[in-house]
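Below is one structure, written out as structure tokens, with a few remarks after it.
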Amino acid sequence: MLEWLTFIAGSTVLAYFSRASLRVPKSHGFYRFFAWELMLILLVMSIGRWGNAVRTPDQIASAVLMNISLLLVSSGYLSLFLFGKHDSSRNDAPLLFIEKTTMLVTHGLYRYIRHPIYSSLLFLDWGLFFKEMSWLTAGISFLASLFLLLASRAEENENIDYFGSQYLQYMARTKLFIPFFL
Numbered sequence: 006m007l008e009w010l011t012f013i014a015g016s017t018v019l020a021y022f023s024r025a026s027l028r029v030p031k032s033h034g035f036y037r038f039f040a041w042e043l044m045l046i047l048l049v050m051s052i053g054r055w056g057n058a059v060r061t062p063d064q065i066a067s068a069v070l071m072n073i074s075l076l077l078v079s080s081g082y083l084s085l086f087l088f089g090k091h092d093s094s095r096n097d098a099p100l101l102f103i104e105k106t107t108m109l110v111t112h113g114l115y116r117y118i119r120h121p122i123y124s125s126l127l128f129l130d131w132g133l134f135f136k137e138m139s140w141l142t143a144g145i146s147f148l149a150s151l152f153l154l155l156a157s158r159a160e161e162n163e164n165i166d167y168f169g170s171q172y173l174q175y176m177a178r179t180k181l182f183i184p185f186f187l
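Quick note: the sequence shown uses the working numbering, first residue 6, plus one each step.
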């Protein structure tokens, strides 16, 4: 019962924050919503394992991936907040407030990767998989990763539309998700 309540409450919150994006099926937020929903399913499926202090390889991998996720998301949001020059009047309805930047952010992790927040979500996704490993959770994690890739590609197109050649040059010198690798 707790699992269902958690899923319903979480889905309600995600739908509320994604409501504008869900009206624009090709926006990055549209794809991101489905990735979030799939990760919420993983969270709900693993809810019974969160209190366990078991030091097995899968639980250690889960903890490492989730801690990397936390570092990436905090660093990414901090850079967006400090350097993005937010403008709430920016006419991109599907964007969340933190995304309504008018300056291309190339500081912090953004110097090395274009999507530290999506990287964070990928690490979280696979951290949740290792929390409760099965063929089902592997499939869900794979689908969530696919939706995150689709979201990042859609966001790349949105950024090219907004920032133009400046973003194309930025793409040429940075990696997508993992510095010096991918």
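Just so you know, even glycine gets a beta-carbon here, dropped at the ideal spot from N, CA and C.
task = Return the Cβ separation of Asp166 and Ala149 in integer angstroms, given the expectation that the two are a contact with Cβ distance under 8 Å.
result = Here residue 166 corresponds to residue number 161 of the sequence shown, with the count starting at 1. Here residue 149 corresponds to residue number 144 of the sequence shown, with the count starting at 1. Going by Cβ atoms, the distance from Asp166 to Ala149 rounds to 26 Å, so no, they are not a contact pair.
If I measure Cβ to Cβ from Leu3 and keep anything under 8 Å in the same chain, skipping five residues before and after, which residues do I get? No answer is possible for residue 3: the residues shown for the chain start at 6 and end at 187.
Top-ranked residue by Cα proximity to Ser79, from Lys105, Glu161 and Ser125 = The count along the sequence shown starts at 1 and reaches residue 79 at position 74. Ranking the options by Cα distance to Ser79, first place goes to Ser125.
*Report, in whole angstroms, the separation of the C-beta atoms of Phe185 and Leu127, which I expect to be a contact under 8 Å.*
Counting from one through the sequence shown, the residue named residue 185 turns up at place 180. Counting from one through the sequence shown, the residue named residue 127 turns up at place 122. Actually they do not touch by this definition, with Cβ atoms about 16 Å apart.
Take every Cβ of the segment 143 to 160, pair it with every Cβ of the segment 30 to 42, and state whether three or more of those distances are shorter than 8 Å. yes
Among the residues of its own chain, which have a CB less than 8 Å from the CB of Glu163, if the five just before and after it don't count? Indexing the sequence shown from 1 puts residue 163 at position 158. Contacts found: Ser32, His33 and Asp97.
Under 8 Å, with one C-beta from each stretch per pair, do the segment 116 to 125 and the segment 62 to 72 reach the 3-pair mark? no
**Report entry** Coarse secondary structure for Lys136, derived from DSSP in three states
**Finding:** Mapped onto the sequence shown, residue 136 falls at position 131. Three-state result, Lys136: helix.
Using the rule of at least 16 other Cβ atoms within 10 Å of the residue's Cβ for burial, across every protein chain shown, is Pro99 buried or exposed? Here residue 99 corresponds to residue number 94 of the sequence shown, with the count starting at 1. Classification of Pro99: buried, given that the 10 Å Cβ count is 16 or more.
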